[in-house]
Structure formats: C-alpha cells, structure tokens
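In order, the protein sequences belong to chains A and B. Each residue of the first sequence is one higher than the one before, counting from 2 in the numbering used here. Each residue of the second sequence is one higher than the one before, counting from 562 in the numbering used here. Think of the CB as a built atom: it goes at the ideal place given N, C-alpha and C, for glycine as much as any other residue. In this text the structure is predicted, and so the values were computed from the model without any measurement.
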Amino acid sequence: MNFQLSDEQLMIRDSVRRFCESDYDFERRRVLQASAEGFSRAHWRTFAELGWLGIALPEAVGGFGGGVVDEAIVMEEFGRALVLEPYLSCVVYAAQAVLAAAGADRARGLLEPMIAGESVLALAHNEKAACGRVAWVETTAIPTADGFELNGDKIQVLGGAGADTLIVSARIAGAAGERAGISLFALDAACAGVSRRAYRLIDGSRVADIALRAVRVGADSQLGAPGAAFAALDFATNRALLALGAEALGGMERALWMTRDYLKTRKQYGVSLNTFQALQHRMADMLVELELTRSMLYQGFAALTQADPEQRRKGASALKVQIGRSGHFVTGNAVQLHGGIGVTDEYIVGHFFKRLTTAGLLFGNTDFHLQQFAEL
Amino acid sequence: MHFEPDPADEIFRQEVRQFIRAHLPQDIARRARRGYHPERPDLERWTRILNQRGWAAPHWPTEYGGTGWSPLRRHIFQEELRAAHAPVIGQAAFELVGPVLYTFGNEQQKALYLPRILNADDFWCQGFSEPGAGSDLAALRTRAVRDGDHYLVNGHKLWTSEGHYADMMFALVRTNTEVKPQAGISFLLIDMRDPGISVRPILTLDEGHSVNEVFIDNVRVPVANLVGEEGKGWGYAKFLLGNERTMSAEVPHTKQDLALLKNIASRELRNGRPLLEDSLFRAKVAQLEIDLLALEFSVLRVLNLPENDPGLLPVASVLKMRGAELRQRVSELSVEALGDYGAAFYPDPEGHAQLAELVPPGPDYASGVVSKFLFRRATTIYGGANEVQRNIIAKSILGL
Chain A
2 MNFQLSDEQL MIRDSVRRFC ESDYDFERRR VLQASAEGFS RAHWRTFAEL
52 GWLGIALPEA VGGFGGGVVD EAIVMEEFGR ALVLEPYLSC VVYAAQAVLA
102 AAGADRARGL LEPMIAGESV LALAHNEKAA CGRVAWVETT AIPTADGFEL
152 NGDKIQVLGG AGADTLIVSA RIAGAAGERA GISLFALDAA CAGVSRRAYR
202 LIDGSRVADI ALRAVRVGAD SQLGAPGAAF AALDFATNRA LLALGAEALG
252 GMERALWMTR DYLKTRKQYG VSLNTFQALQ HRMADMLVEL ELTRSMLYQG
302 FAALTQADPE QRRKGASALK VQIGRSGHFV TGNAVQLHGG IGVTDEYIVG
352 HFFKRLTTAG LLFGNTDFHL QQFAEL
Chain B
562 MHFEPDPADE IFRQEVRQFI RAHLPQDIAR RARRGYHPER PDLERWTRIL
612 NQRGWAAPHW PTEYGGTGWS PLRRHIFQEE LRAAHAPVIG QAAFELVGPV
662 LYTFGNEQQK ALYLPRILNA DDFWCQGFSE PGAGSDLAAL RTRAVRDGDH
712 YLVNGHKLWT SEGHYADMMF ALVRTNTEVK PQAGISFLLI DMRDPGISVR
762 PILTLDEGHS VNEVFIDNVR VPVANLVGEE GKGWGYAKFL LGNERTMSAE
812 VPHTKQDLAL LKNIASRELR NGRPLLEDSL FRAKVAQLEI DLLALEFSVL
862 RVLNLPENDP GLLPVASVLK MRGAELRQRV SELSVEALGD YGAAFYPDPE
912 GHAQLAELVP PGPDYASGVV SKFLFRRATT IYGGANEVQR NIIAKSILGL
C-alpha cells in the first residue's frame with residue numbers, strides 16, 4: 002500500500018481543481034441547474050478534451066489506462082464544486098458495467114465515442130423494488146426471431162434524462178433477486194417503446210424513470226455472455242460507490258472549511274463565533290468524521306483489490322454507511338453553524354447538505370448497506 | 562398528584578373533532594396536508610371559520626376573545642387541528658404580537674388590532690432579526706428617530722416569515738444609541754403597505770418562499786404605534802420569545818408527522834414486505850415515538866405547573882431544543898421511508914407551476930415530505946438556535 006498521490010495524480014487533481022475554480026463557481030452552477038438539461042454540454046466537451054472521460058478506462062477501449070484512484074481524484078474535486086455533469090452515472094457506473102460485461106473488444110464501440118464526449122451513456126438498472134439489491138431485475142428480455150423484446154420499468158436512472166445510449170439490465174432467465182439470468186443490452190435511448198420521464202433530485206441532478214414497452218433490439222445489442230451480467234453490475238456498483246464516496250468526501254471537506262471560515266468572520270455578542278468553545282468542539286467532531294471518511298474511502302480501495310467479490314461488496318457497504326452517517330453530520334452541522342444563511346437556497350452551504358443527503362440514498366440507503374455488511 | 566384522565570376532556574375532544582370535521586374546507590386541508598407553505602387566502606378563510614366559533618385564539622384572555630380553556634384543553638385542541646390537517650393560522654399574530662398587545666399595549670391599540678387579528682383582517686410579521694443581529698438580537702441597528710408625533714424609521718430586517726403578505730410588522734427598533742444596547746430598543750408597529758417598505762423574497766432549501774428580507778427606508782410611523790414605553794422593547798421581546806419557546810415544542814405537529822411516517826412505512830415495500838415490518842426501521846420509528854412521549858409529557862408538565870413554580874424553567878428549557886431536533890429527525894426518517902423517491906424534488910403541485918414538466922413520478926404521499934425535510938433544517942436555527950438554548954440552560958438554570 003502507498004497512500005501518497007503520484008506526481009501524475011497530483012497533476013490531475015490540480016487540473017480538475019483549476020477548472021472548478023475558474024468555471025464552476027456557485028453562481029454559474031445555479032444557472033446550469035436551472036437550464037433545460039441541468040448540466041453543460043460545453044463542460045462535457047471540455048472534460049473529453051482534458052481526458053477525464055477516459056481517465057480510468059484501459060487503452061484497449063480508447064482510455065488512458067488509469068485506475069479507480071484517478072477516477073476518485075476527479076470525483077473528489079467535483080464534489081467540492083458540486084459538479085452537475087453526469088460523470089458518476091456515465092463515466093463510472095455505466096462505462097464500468099459495459100467494460101466488465103462485454104470485455105474490451107466489444108466495449109470499444111460504445112466506450113470510444115463516450116470517451117470522446119460524443120455519446121453519453123446511462124445504466125438503466127435500478128427498479129422500484131430493488132432498494133439497493135443489485136440482483137433485483139424484473140425487467141424481461143424475451144428472445145425474438147432476430148434479437149430480444151424488452152419489457153419493464155426502470156426508476157431514477159442516474160443521468161438517464163440526458164443520455165443518448167442506455168445500457169439496460171434485463172432478465173433472460175430466472176426470477177428477480179437471482180444472480181443468474183441477467184443480461185445487459187445497449188440501445189439507443191430514442192428506440193421505439195422507450196419512454197423517459199425526466200425529473201430532478203433535491204441536489205439538482207437530473208434523472209429519469211424509463212418505461213420499456215415491447216422494445217425490439219437486435220441480438221448484437223446483448224453485451225457479454227447471456228445471463229451472466231450480475232458480476233459486471235456488482236463490479237460497476239462497487240466502483241460507483243467508491244466514486245460517490247470520493248465525491249462525498251470532497252463535498253464534506255469544502256463544507257467544513259467554509260464553515261470554519263464563516264465562524265472566524267461572523268460576529269455576534271461582540272466576538273467572532275469561533276471563540277465559542279461549544280462551536281469549536283462541534284467543528285472538531287466534524288473534522289473527525291471527515292478524516293474517518295477519507296480512511297474509509299481508502300479502505301474501499303483496498304477492498305476492491307480483493308479477489309473475493311463478497312469482500313469487495315463488504316468494503317463498499319462499509320464506505321456507504323460511513324458517507325451516509327458522516328455526510329449527514331458534517332453537512333447538517335455546516336448548515337447549522339451558518340445559521341439563517343445556511344438554510345437559504347441562494348447560499349452554497351445548504352447545497353452540500355442536499356448533495357450528501359442524496360448520496361446517502363443512492364445505490365441502497367444506509368440501512369441497506371448496514372444490513373448487507375452484517376450479512377456478509 | 563394524580564394521572565387519571567378527566568372524562569370531560571374526552572368529551573371536549575370529541576366536540577372539537579366534530580366541529581373541525583364539519584367546518585374545515587377540504588381543499589384547505591388537502592393543501593395543508595402536503596406541507597408546503599400556506600398561502601394567505603387559505604389562512605384567511607380558516608381563521609374566520611374558527612373566529613365565528615370563538616376559537617381563533619383559545620389561549621388569549623376571555624375579555625379579548627379567548628376561550629378560558631385549561632392548558633390541557635388547548636393542547637387537545639391543537640392536537641385535533643393538526644390531526645385533521647388544518648393549517649396553522651398566523652403565528653406571528655396569534656402567538657407573538659397578540660399577547661404583547663393585550664399585556665403591554667394601550668386601550669386604543671388593543672381595540673384596533675386584536676379584533677382584526679381574530680378575523681384575519683390583518684396579517685402580521687415579526688421584524689426582529691437583522692443581518693448583524695441573529696442570535697445576538699440586541700445588536701440590532703434599525704433606527705427610529707423621533708420627529709414630532711412620528712418616528713422616522715430606517716433599517717433592514719432579515720428572515721421575515723410571511724413578510725410578503727403581511728399587513729403589519731411588529732419590529733424592534735433602536736430609539737436610543739446612548740445607553741446599553743438592550744435599553745435603547747423599542748417595540749414599534751409598522752404598516753407594511755408604506756411605500757418606504759420593500760420586501761425581497763428569500764428562497765429556502767426547499768425552494769419555497771416563506772421568508773423575506775425587508776428594507777425600511779424613511780418610513781414615518783405614528784408615535785401611537787409605539788407599544789408600551791420607549792426603551793422597554795427588549796423586555797416585551799423577551800416576554801414574546803418566552804411564549805414562542807413553549808409553542809415551539811410542536812408536539813401536535815410532530816405527532817401528526819409521525820403518524821404520516823408510519824402510514825408511508827406501512828405502504829412502502831422493502832424486500833416484498835411493508836417497510837414498517839423491517840426490524841431496523843421499526844426500531845428507529847419506536848425510538849422516535851419514545852422521544853416524542855418524553856417531550857409530550859414535558860409539555861404537559863409545563864402546561865400544568867403554575868407560572869411561579871421553580872420546576873417550570875428547567876423543563877420549559879428543553880421544549881424548543883428537543884422539539885426542533887425531533888421535528889428534524891421525523892422528517893429525515895420520512896424521507897428515508899420513501900426509498901429512492903425520497904431523493905426527488907417535488908414541486909408544490911399548486912405552486913411552482915412553471916416546473917410542472919419535472920414532477921417526479923413518486924407516490925402521491927411523497928409530495929411535501931421532501932420539502933418539509935429540507936425546510937426543517939431551520940427548526941434548530943430559528944426562534945433562538947439550539948446552541949443559544951443550551952447557553953440559556955447552562956447560564957440560567959445550571960448557574961454555570
């Protein structure tokens with residue numbers, strides 16, 4: 002193990018931070034959030050030009066050969082700036098699922114245009130009854146003469162509103178909850194029978210519920226071995242949880258230091274708020290939570306190197322519980338210590354609370370991961 | 562001491578329940594149930610219905626329109642109102658300025674304003690906080706300078722709830738800068754329709770509009786609008802905030818929120834079974850119910866004890882703090898109960914019309930739950946932040 006960033010990784014961090022500081026201040030983010038798509042296509046092109054969209058993907062699919070840590074560096078910086086672009090959903094969650102399911106040769110056709118910023122992917126996997134269970138797929142894929150017919154309902158598909166290509170999980174055999182029998186299908190989001198209902202989450206990100214009604218796809222749209230996609234979905238979920246953990250960490254860290262600065266400037270009773278020991282101790286507790294979250298993120302990286310998928314899953318669940326609890330504590334107190342200004346929508350600190358609340362609910366909530374950890 | 566319930570109180574509860582059932586308009590209850598910020602027309606209609614029955618201000622002295630009910634009956638009344646999803650009527654008027662007026666106001670002020678409050682002819686807002694005066698309220702700088710039979714008022718008020726539709730503001734203003742801060746403050750009634758008043762909306766985390774900032778620019782206020790004596794405003798404000806703290810335990814409200822939470826959790830499924838049957842979730846609901854019971858009996862203690870009882874202050878001090886925390890925790894668990902749809906933003910179906918195309922497809926009972934969760938972050942900040950409440954306990958009760 003080596004917990005120090007390499008020179009190359011420091012450069013990545015600095016370059017993402019520079020972009021966020023120059024192009025992603027809170028006022029510009031507010032404008033983006035209120036725009037029709039809820040994010041900027043121009044920013045997305047910039048991400049492609051700077052190589053961030055392929056940073057953790059192998060060269061065989063047109064990526065730059067980095068790993069999970071490089072991706073996390075980007076996400077941590079994005080967390081600090083509350084970036085709205087669908088990086089987590091497309092570059093991490095969907096791309097890792099495609100790669101793990103299909104292998105580099107088949108994945109190249111989907112990932113190359115994604116890395117170039119020409120195509121945006123979303124993984125349409127989540128269903129109403131899943132509540133975090135990766136194997137919960139009710140959507141069906143029935144063989145036809147020249148391919149499959151898909152039927153089912155996907156909910157709260159991250160990045161699902163703006164994606165042009167959907168990676169859909171559907172069952173060719175077995176019952177919901179069984180690991181065997183799940184396949185992934187790549188299809189054009191504009192396919193006949195696909196209807197999307199877009200809405201936003203409290204943090205401003207755009208998602209969609211996606212109904213699939215007699216959607217006809219060709220046999221070549223199936224990615225990888227038939228019915229064997231669970232492992233890929235499991236892997237992609239772990240990668241997404243790590244990326245989300247890094248993003249959460251970035252958000253918590255910025256919220257904490259912003260609050261520290263506020264306490265040093267805000268005066269009440271003739272003194273600045275930082276002189277009150279009760280508030281100092283609260284901030285000390287916030288720092289403890291922040292540091293434990295960073296440790297837990299590293300624990301997640303370590304777990305991901307394990308051969309046993311149960312150990313990987315357990316490590317990711319531990320991280321998810323940590324960001325659920327610590328994220329709520331740190332950003333909730335950041336709002337509290339700001340007082341009135343903290344609960345206004347026009348000030349940034351409350352938006353960290355919204356993002357961390359959302360993070361706590363995505364990919365299975367804290368209770369789900371607590372129970373999963375206990376059972377593994 | 563005895564704990565036998567009085568059968569007459571139960572008869573009273575039934576009477577109240579029947580009245581509300583017969584008279585609370587369904588559309589008003591529907592909107593209040595969703596939990597978005599109430600609009601003035603609904604509050605006007607409901608206040609007048611209550612006023613016709615003589616129940617708009619049960620806690621006021623009977624000579625000013627109160628009912629003479631015991632504290633316990635007032636509590637029962639509130640419970641029934643919340644259980645039926647009646648909107649909370651003008652708190653600034655009924656709970657805050659009303660008692661100040663009948664306690665410290667002169668006969669003209671009482672005769673003019675109290676009936677107009679009871680009939681919802683006037684809506685009020687509170688002009689206390691300022692940009693530099695939050696927890697440290699005595700630092701307020703809004704200035705009122707005497708000029709013949711008027712005060713000339715200039716200043717800037719913040720976090721003014723319902724300021725956008727209020728007719729009147731009761732404000733703390735500085736009338737003397739030569740004395741210590743608390744002694745230079747007066748309590749003034751300001752007409753919000755004055756052209757020197759401008760109101761800017763402040764959207765809160767729920768993206769809703771209930772608070773504002775109010776700019777007061779060369780507003781001439783008749784000296785007749787001074788409440789009590791000049792320079793005594795701080796004492797009136799402390800009296801008023803004391804009332805606010807008892808009220809803000811919000812037990813009837815939290816009870817209703819908890820009932821809604823259990824309703825949601827019995828309809829939401831986890832692993833094919835009602836969420837309420839999940840042992841982990843069930844235990845969290847139970848903990849909230851237990852904490853609410855402790856708070857409820859704290860409220861009952863406060864309501865039962867005479868005002869000069871030495872046991873009153875310690876128990877009263879926990880109400881605001883614990884009540885605010887409990888409201889937050891119930892709203893947090895309610896969001897959790899919604900599953901994935903707990904993260905969705907739900908525009909007010911009768912407001913936010915421009916966002917109609919982005920209405921999420923969550924269950925109908927989700928609407929309002931998420932916005933309440935976001936707005937409730939303010940409960941531990943307004944009316945004296947919880948940190949200030951702890952300071953009060955440490956200083957006034959523990960003598961530290």
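Classify residue i as buried or exposed, calling it buried when 16 or more other Cβ atoms lie within 10 Å of its own Cβ.
i, result
"B:G872", "exposed"
"A:Q307", "exposed"
"A:P144", "exposed"
"A:V32", "exposed"
"A:A37", "exposed"
"A:L11", "exposed"
"B:N786", "buried"
"B:E691", "buried"
"B:Q950", "buried"
"A:S296", "exposed"
"A:T260", "buried"
"B:M882", "buried"
"B:G519", "An answer regarding residue 519 of chain B cannot be provided, because it is not within the stretch 562 to 961 covered by chain B."
"A:G381", "This structure leaves residue 381 of chain A out entirely; chain A is present only between 2 and 377."
"A:N127", "buried"
"B:S827", "exposed"
"B:Y712", "buried"
For residue i and residue j, what's the separation of their Cα atoms in angstroms?
i, j, result
"A:F1", "A:M2", "Residue 1 of chain A lies beyond the stretch modelled for chain A, which goes from 2 to 377, so this question has no answer here."
"B:V782", "B:E640", "39 angstroms"
"A:E254", "B:G803", "38 angstroms"
"A:R180", "A:L293", "33 angstroms"
"B:A847", "B:A583", "33 angstroms"
"A:D1", "B:A927", "Here chain A has residues from 2 to 377 only, and residue 1 of chain A is not among them."
"A:T47", "A:V208", "22 angstroms"
"A:V344", "A:D165", "36 angstroms"
"B:L662", "A:E28", "44 angstroms"
"B:P875", "B:I746", "28 angstroms"
"A:Q281", "B:W630", "46 angstroms"
"A:D15", "A:D8", "10 angstroms"
"B:L845", "A:D147", "The sequence shown places Lys at residue 845 of chain B, rather than the Leu named in the question. Distance between the alpha carbons of B:K845 and A:D147: 52 angstroms."
"A:A232", "A:G104", "13 angstroms"
"A:L242", "A:L320", "8 angstroms"
"A:P227", "A:I173", "8 angstroms"
"A:I13", "A:F353", "23 angstroms"
"B:R937", "A:G361", "18 angstroms"
"B:G960", "B:T940", "26 angstroms"
"B:L919", "B:Y674", "44 angstroms"
"B:I851", "B:R890", "13 angstroms"
So residue i and residue j are in contact, right, with Cβ under 8 angstroms, and what is the actual spacing, rounded?
i, j, result
"B:K816", "B:G596", "About 14 angstroms; that fails the 8 angstroms criterion."
"B:Q687", "B:L719", "Not really, about 11 angstroms apart at Cβ, beyond 8 angstroms."
"B:L836", "B:F842", "5 angstroms"
"B:L866", "B:G884", "That belief does not hold up - the Cβ atoms of B:L866 and B:G884 are roughly 18 angstroms apart, past 8 angstroms."
"A:G333", "B:G695", "That belief does not hold up - the Cβ atoms of A:G333 and B:G695 are roughly 18 angstroms apart, past 8 angstroms."
"A:D106", "A:K155", "27 angstroms between Cβ atoms; not a contact."
"B:L861", "A:E347", "About 41 angstroms separates the two Cβ atoms, so there is no contact after all."
Given residue i, which residues of its chain have a CB within under 7 angstroms of its CB, disregarding the five upstream and five downstream residues?
i, result
"B:V879", "S859"
"A:E72", "I56, A57, V93 and A244"
"A:N239", "L305, R313, R314 and A317"
What does a CB cutoff of less than 6 angstroms around residue i pick up in its chain, not counting 5 residues either side in sequence?
i, result
"A:S41", "L33"
"B:D755", "V780"
"B:S895", "L822 and V930"
Grab me the residues of residue i's own chain with a C-beta within less than 8 angstroms of its C-beta, minus the 5 sequence neighbours each way, in chain order.
i, result
"B:I650", "L604, W607, T608, L611, A617 and A681"
"B:R677", "D683"
"A:G39", "L33, L85, A162, G163, R201, G205, S206 and R207"
Check your understanding: Listed in chain order, which residues of the segment 761 to 787 of chain B have Cβ atoms closer than 7 angstroms to some Cβ of chain A?
Key -> I763, L764, T765, L766 and E768
Review point. Looking at chain B, which residues of the segment 103 to 135 of chain A have a Cβ within less than 9 angstroms of any of its Cβ atoms?
Key: N127, K129, A130, A131, C132 and R134
Check your understanding: If contact means a Cβ-Cβ distance below 8 angstroms, which residues of the segment 708 to 722 of chain B contact chain A?
Key -> L719 and W720
Practice item. Using a Cβ-Cβ cut-off of less than 7 angstroms, list which residues of the segment 874 to 906 of chain B approach chain A; keep chain order. Key: E897, G900, D901, G903, A904, A905 and F906
Practice item. Compile a chain-ordered list of the residues in the segment 681 to 693 of chain B whose CB is closer than 8 angstroms to at least one CB of chain A. Key: S690 and G693
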